[in-house]
Amino acid sequence: MFQYNHHNNVTTTTNQFPPFFNVYRDGWGSKRYLLGPQSSKSAALYAVSLHSALSSQPSIVLHAGPTTSSPSLAGAKMGTFGRKTVVSLPPSPGPSWTSSEEEAHWNRGAGLYSHHPLIFSIEVRSSDGQLRREEFEWRRSSGDVVAALGGRSVGYKLVRCTSVGTMGPTSSDGKEIVAVWALHGIRLHQGFRFQFLGSGVDGALGERWSTMAVMTALYMWCYLRRASGNAAI
Numbered sequence: 001m002f003q004y005n006h007h008n009n010v011t012t013t014t015n016q017f018p019p020f021f022n023v024y025r026d027g028w029g030s031k032r033y034l035l036g037p038q039s040s041k042s043a044a045l046y047a048v049s050l051h052s053a054l055s056s057q058p059s060i061v062l063h064a065g066p067t068t069s070s071p072s073l074a075g076a077k078m079g080t081f082g083r084k085t086v087v088s089l090p091p092s093p094g095p096s097w098t099s100s101e102e103e104a105h106w107n108r109g110a111g112l113y114s115h116h117p118l119i120f121s122i123e124v125r126s127s128d129g130q131l132r133r134e135e136f137e138w139r140r141s142s143g144d145v146v147a148a149l150g151g152r153s154v155g156y157k158l159v160r161c162t163s164v165g166t167m168g169p170t171s172s173d174g175k176e177i178v179a180v181w182a183l184h185g186i187r188l189h190q191g192f193r194f195q196f197l198g199s200g201v202d203g204a205l206g207e208r209w210s211t212m213a214v215m216t217a218l219y220m221w222c223y224l225r226r227a228s229g230n231a232a233i
């Protein structure tokens, strides 16, 4: 079981990620990446380490601090041929502090996986404070919400499938868009830009949801890196 450090104060904040952040390389040629509101080492909030299939570590580890020696916050394993990922997350609220695993998979048709939705479900908080499981999809997009990131014109939007959103932008089928991400530029190793939208901004969906959103974006980026031969995983 992936080890999760629940004593770190990252786990107790309502909104542990900034509304907008960059994922960027920790120095020229480094295999480590940083996550922060600006692309500088001094602005880093979290570190991301990538591991090969031969490693005993998960393929992607999000650290609860700006160095890879910081405790692990979440991890993701790359499935066979990148078809799916299993994400180890912080625990659900309750007496047990055992981390849990959630799966995300491509809803594949013909062509590259990355041209099709990546789907996951996870518990989110409802207006009455209760937890309920909802489904979300990362959809490829070239719409205004992706363009507003200022990176590549084509990226991905995270759609809340099981409810109609009223807090922010919506998809063409009326579903709330709760996050977007896009590459910085044409080179995958440069990282990407990420933004929470609508009910994803203020932590209303819960910190496990926001961690899952970030981890699945990291997985998609790593899948693209591996598919292009531009990765160690």
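By the UniProt record's numbering, the letter at position 165 of the sequence shown is numbered 165, and the numbering carries on one by one without gaps. Note that beta-carbon positions come from the ideal geometry of N, C-alpha and C, so glycine has one too. Owing to the predicted nature of the structure, the values given are computational and were not obtained by experimental measurement.
Judging by CA-CA distance, which residue of Y219, V159, R225 and S228 is the nearest neighbour of P58? If we check each option's Cα against that of P58, Y219 comes out closest.
Leaving out five residues before and five after H184 in sequence, what residues of the same chain have Cβ atoms less than 7 Å from its Cβ? Short of 7 Å from the beta carbon of H184, and not among the five residues preceding or following it, lie these beta carbons of its own chain, in chain order: G151, Q190, G191, F192 and R193.
What distance in whole Å lies between the Cβ atoms of V145 and I177, which are believed to be in contact at a cut-off of 8 Å? Taking the Cβ atoms as the reference, I177 lies roughly 6 Å from V145, within the contact range of under 8 Å.
Just tell me which of V214, W181, L188 and I119 has its CA closest to the CA of R160. Comparing Cα-Cα distances from R160 to each of V214, W181, L188 and I119, the minimum goes to I119.
Quick check on the burial criterion: 16 or more other C-beta atoms within 10 angstroms. Buried or exposed for V61? When all chains shown are included, V61 counts as buried.
Beta carbon of V154, beta carbon of P19: below 7 Å? No; because the gap between Cβ atoms is not below 7 Å, this pair is not in contact.
Along the beta strand (DSSP E) that carries M78, what are the first and last residues, could you check? For M78, the enclosing beta strand (DSSP E) has its first and last residue at S72 to M78.
Spatial neighbours of E102 within its chain, please: CB distance less than 7 Å, with the 5 preceding and 5 following residues excluded, ordered by chain position. Contacts found: V87, L89, F120, I122 and M212.
Under three-state DSSP, which class holds G27? Three-state DSSP puts G27 in coil, outside helix and strand.
Supposed close pair E134, T162 - CB separation, criterion 8 Å: Right, their Cβ atoms sit about 5 Å apart.
Suppose the cutoff is 7 Å on Cβ atoms and the five residues either side in sequence are ignored; what does the same chain contact list for F21 look like? Correct list, in chain order: L35, G36, P37 and F194.
Outcome for L54 when other beta-carbon atoms lying within 10 angstroms are tallied against a minimum of 16: Label assigned to L54: exposed.
I need the boundaries of the alpha helix (DSSP H) containing L218, first residue and last residue. DSSP places L218 inside the alpha helix (DSSP H), whose first and last residues are E207 to A227.
Runs of beta strand (DSSP E) lying entirely within the segment 147-178, each at least 3 residues, in chain order: Counting whole runs of 3 or more residues, the segment 147-178 contains the beta strand (DSSP E) stretches 155-164.
Limits of the unbroken beta strand (DSSP E) element including W87: First, the residue type needs correcting, since residue 87 is Val and not Trp in the sequence shown. Unbroken beta strand (DSSP E) run through V87: K84 to L89.
Where H105 sits in the DSSP three-state scheme: Strand, per DSSP.
If I measure Cβ to Cβ from W181 and keep anything under 6 Å in the same chain, skipping five residues before and after, which residues do I get? Result list for W181: G155, Y156, F192, F194 and A217, in chain order.
With distances taken from CA atoms, which of S210, S39, R225 and K84 is nearest H105? When C-alpha distances from H105 are compared across S210, S39, R225 and K84, the shortest belongs to K84.
Can you list, in chain order, the residues of its chain whose CB lies under 7 Å from that of D173, leaving out five sequence neighbours each side? Around D173: no qualifying Cβ.
Output needed for P66: all residues of its chain with C-beta closer than 6 Å, excluding positions within five of it in sequence on either side, in chain order. So the list reads A44 and A47, once near-sequence residues are dropped.
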